[in-house]
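Residue numbers (the numbering used here): 23 to 185.
Ideal Cβ placement from N, Cα and C applies to all residues, glycine included.
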């Protein structure tokens, strides 16, 4: 099927979602290659279906289906005046189709519905392609952080201000 004929469907991942096993595999697959690049390793490797279920209860989560197959997801935590965007994952075979953009748009809709001023996320300092992607999606670097035990910047805080 050509990329123009693909069908995308965004849906809310609720605690009664029956695909947490598939969701976990998607996230682990999407983040797997990063551990060869980033230090410390991503927390994605410590996720379980139980943790994802809990996150779906505490946060707002969206999935995107591509021709009926789970292709991407994002988790959004309400921080009062803004959303924190975490665990944005797109399956390897679905990259380059605009799914990250689609999921960020969904986050923007939610933030606007809640009258929030911005969306924040963390991106690892080593992941230049991810930083460029988020910059193209309207985010800008607003801070640097170090993980405990490190004497160098390990991640950047990026923000998209909503107008």
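Can you confirm whether the segment 133–145 touches the segment 49–62 when touching is taken to mean that 3 or more C-beta pairs between the two stretches lie within less than 8 Å? no
Which same chain residues, not among the five before or five after residue 75, have their C-beta less than 7 Å away from its C-beta? 37, 42
Could you work out which residue in 49, 77, 32, 78 is closest to residue 67 when comparing CA atoms only? 49
For residue 73, the residue or residues it bridges with in DSSP: Beta-bridge pairing links residue 73 to no other residue.
Can at least three beta-carbon pairs, one atom from the segment 75–86 and one from the segment 160–177, be found at a separation below 8 Å? no
Reduced DSSP category for residue 103 - H, G, I as helix; E, B as strand; rest coil: coil
Which of the three DSSP states, helix, strand or coil, is assigned to residue 163? strand
Can residue 125 and residue 96 be called in contact, C-beta distance under 7 Å? yes
Classify residue 182: buried if its beta carbon has 16 or more other beta carbons within 10 angstroms, exposed otherwise. buried
Residue 112, buried or exposed, once every other Cβ within 10 Å from all chains shown has been counted against 16: buried
Taking residue 182 as part of the beta strand (DSSP E), name the residues at either end of that continuous run. 177–183
Assuming residue 132 contacts residue 98 under a Cβ cut-off of 8 Å, what Cβ separation, rounded to an integer in Å, is found between them? 6 Å
Does DSSP put residue 142 in a helix, a strand or coil? strand
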